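Following: one structure in structure tokens, then a few remarks.
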Amino acid sequence: MRLANTSLQALGGLLLCGILLAGCQGLREQENLYTALGGEEGIRVITENFIRQIANDERVIDHFEYSNVQRFREKMHEHLCLVAEGPCAYSGDSMIDTHTGMGITEGDFNAIVEDMMAALDEAGIPISTQNRLLARLAEFRGEILYR
Amino acid sequence: MKIILKSIRRARVPAQAIALTQTLVLACLCVPSAMAADGRIKGTGGVSSSSGAGGGGLLPWATLTGHATREEWAGSAFLTRIDIDDFTLDVAGVGINLHDRVELSYARRKFTIKASGGQIRQDSIGFKYRLGGDLLYGSLPQIVIGAERSLLRDAATARAVGARETHGTDLYVGAARAWIDGLFNRTSFVNVNARYSTANQFGLLGYGGDDMDARTHLEAAAGLFVTRSWVVGAEYRHKSDNLLALKEDSATDLFVAWFPSKQLSVTAAWVALGRIAGSAEQNGVYLSVQGAL
Chain U
1190 MRLANTSLQA LGGLLLCGIL LAGCQGLREQ ENLYTALGGE EGIRVITENF
1240 IRQIANDERV IDHFEYSNVQ RFREKMHEHL CLVAEGPCAY SGDSMIDTHT
1290 GMGITEGDFN AIVEDMMAAL DEAGIPISTQ NRLLARLAEF RGEILYR
Chain X
5 MKIILKSIRR ARVPAQAIAL TQTLVLACLC VPSAMAADGR IKGTGGVSSS
55 SGAGGGGLLP WATLTGHATR EEWAGSAFLT RIDIDDFTLD VAGVGINLHD
105 RVELSYARRK FTIKASGGQI RQDSIGFKYR LGGDLLYGSL PQIVIGAERS
155 LLRDAATARA VGARETHGTD LYVGAARAWI DGLFNRTSFV NVNARYSTAN
205 QFGLLGYGGD DMDARTHLEA AAGLFVTRSW VVGAEYRHKS DNLLALKEDS
255 ATDLFVAWFP SKQLSVTAAW VALGRIAGSA EQNGVYLSVQ GAL
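Protein sequences appear in the order of chains U and X.
One gets this note's numbering by counting positions in the first sequence from 1 and adding 1189 to each.
One gets this note's numbering by counting positions in the second sequence from 1 and adding 4 to each.
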């Protein structure tokens, strides 16, 4: 019994250390994210799925009432491509300018994150690759919320 | 909420468990989803710990129950059973999250000695305040301060074993951080608490004793979202050995939690609670179900 407790503690300790080390994951060599997402075609599919998810999402659709879908599609494609270190330049407005006046709340932001997760699922992107992209997109949160 | 609390006050555990389950199921089925506070990402509210506070199983975490954002409030109710070698612990409780800032919780615990059928009942209330930071976003981990006050309804055992008090208050500060792209590219998290406590066996054997040990304790938890709905992890809770007559050890667990939706979670764990009330090392299973709105 003592052994069981000790081994359990050791296991827990290992897991804890492992997760703390996860902070250093940036150092690890991984396939280029753009390639992992399926390149140009992959990003196109993800962008289409994402637009469809948003269009069907009652929680956030009102924010896009006056959006030009074609422009959104182009800029989102460029943005995803750039964030994934693909061969693109972003020609849109800054995140702050784009979202000023929209009053995006925490809940709106998370709803959009969930729409992106669904879009990635639909495109058959594995969860590990999804997380690499989502972590990078999440860094823009401060430039998007409550503006 | 009133109905739940009333039913808990009136009934003993089996009836209370049924009432709570019924309320929970009814609430999940009847309340339109538009009313549910689901503004945060699934799983970020954690589950309900055995004290009633959002956690965690054996310890509260620096997460607030449910999925409420600063614009929303959320409520949760849970049932937990711990079945170890010589004892069982049944817990039923509720929690409220006000604007992702304040969490209030209430739990009733019933500790049963398998051999004799003897019982110790205990009530706990909890308060948690989020000082700042965020579990998932930004640079600062989510940091909370909290208090857990427990009162024994059956105080004879605690008095008999030499506890100084039959009620007491624990204070803690906790920090939690999740990395979306963490270990194995899975969303991973760590929670660390520092607790001030004089409790003996979570307060079930009262507070304080004739052989006072450390009053500050370290607690830690870590886990990993294997998928968006399945989480695995471990917890460690340092406990003090305050009674001359009875030895007390630290507690650990390995858990699996399933979030089929933001409204429901099921947690199973293997727990090692060490020596309890004169018994040898106590190991066993932990099962908990939580409904949240």
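Note that beta-carbon positions come from the ideal geometry of N, C-alpha and C, so glycine has one too.
None of the values given here were measured: they were computed from a predicted structure.
- A contact between stretches requires three or more CB pairs, one per stretch, nearer than 8 Å, and the stretch 142-153 of chain X fails this requirement with the stretch 257-273 of chain X.
- Taking a C-beta distance under 8 Å as the contact criterion, Ala182/X and Leu135/X do not qualify as a contact pair.
- With at least 16 other beta carbons inside 10 angstroms of its own, Glu169/X counts as buried.
- Across the stretch 1314-1325 of chain U, CB contacts with chain X closer than 9 Å involve Pro1315, Ile1316, Ser1317, Thr1318, Gln1319, Asn1320, Arg1321, Leu1322, Leu1323, Ala1324, Arg1325, in sequence order along the chain.
- Gln205/X carries a helical assignment under DSSP once its states are collapsed to helix, strand and coil.
- Taking 8 Å as the cut-off, the beta carbon of Phe1329/U is found closer than this to the beta carbon of Met1284/U.
- Within the stretch 254-295 of chain X, the complete beta strand (DSSP E) segments of 3 residues or longer fall at 255-265, 268-280, listed in chain order.
- Closer than 8 Å to the CB of Asn189/X there is at least one CB belonging to chain U.
- Taken in chain order, the complete beta strand (DSSP E) segments of 3 residues or longer contained in the stretch 106-150 of chain X are 106-117, 123-136.
- Around the C-beta of Asn1245/U, fewer than 16 other C-beta atoms lie within 10 Å, and the residue is accordingly described as exposed.
- Counting along the chain, His221/X sits inside no alpha helix (DSSP H); it lies in the beta strand (DSSP E) bounded by residues 220-229.
- Interface criterion not met: the Cβ of Tyr133/X is under 8 Å from no Cβ in chain U.
- Remark: C-beta atoms of Lys114/X and Phe91/X do not approach each other more closely than 8 Å.
- A Cβ-Cβ distance of about 7 Å is found for the pair Tyr1335/U and Ile1293/U, placing them in contact under the 8 Å criterion.
- In this structure, the alpha-carbon of Glu252/X lies about 26 Å from that of Gly97/X.
- Excluding five sequence positions before and after Gly79/X, the CB atoms of its chain that fall closer than 6 Å to its own CB belong to Ile100, Leu297, given in chain order.
- Proximity of Arg125/X to chain U, defined by a Cβ-Cβ separation below 8 Å, is not satisfied.
- At least one CB atom of chain X sits nearer than 8 Å to the CB of Ala1327/U.
- Residue pairing by DSSP puts Val236/X in a beta bridge opposite Leu228/X, Val260/X.
- The residues Lys114, Arg157, Asp158, in chain order, have a CB closer than 6 Å to that of Arg125/X in the same chain once the five nearest residues on each side in sequence are set aside.
- The C-beta of Met1306/U comes closer than 8 Å to at least one C-beta of chain X.
- Linking Asp1310/U to Phe1253/U through their CA atoms gives a straight-line distance of about 23 Å.
- The beta carbon of Gly142/X sits closer than 8 Å to some beta carbon of chain U.
- Using a CB distance cut-off of 8 Å, Ile280/X does not count as an interface residue toward chain U.
- Considering only beta carbons, the part of the stretch 59-77 of chain X lying closer than 8 Å to chain U consists of Thr73, Arg74, Glu75, Glu76, in chain order.
- In terms of beta-carbon proximity, Gly1331/U lines the interface with chain X, with at least one pair separated by less than 8 Å.
- For His1266/U, there is no enclosing beta strand (DSSP E); the enclosing alpha helix (DSSP H) has its first and last residue at 1258-1272.
- Per DSSP, the unbroken beta strand (DSSP E) holding Thr92/X starts and ends at 91-102.
- Among the residues of the stretch 1286-1304 of chain U, those with a Cβ less than 9 Å away from any Cβ of chain X are Thr1294, Glu1295, Gly1296, Asp1297, Phe1298, Asn1299, Ala1300, Val1302, Glu1303, in the order of the chain.
- Boundaries of the beta strand (DSSP E) harbouring Ile88/X: 77-88, taken from the DSSP string.
- In this structure, Asp104/X lies away from Arg85/X, with their beta-carbon atoms at least 8 Å apart.
- Residue environment for Met1306/U: buried (at least 16 other C-beta atoms within 10 angstroms of its C-beta).
- For the stretch 185-213 of chain X, residues whose beta-carbon sits nearer than 8 Å to a beta-carbon of chain U comprise Asp185, Gly186, Leu187, Phe188, Asn189, Arg190, Thr191, Ser192, Phe193, Val194.
- Cβ-Cβ distances below 7 Å link Arg1262/U to Thr1236, Ile1240 in the same chain, with the five nearest sequence neighbours on each side left out; the list follows chain order.
- Not a single CB atom of chain U sits nearer than 8 Å to the CB of Ile147/X.
- Beta-carbon to beta-carbon, Gly166/X and Thr202/X are separated by about 13 Å, too far to satisfy the 8 Å threshold.
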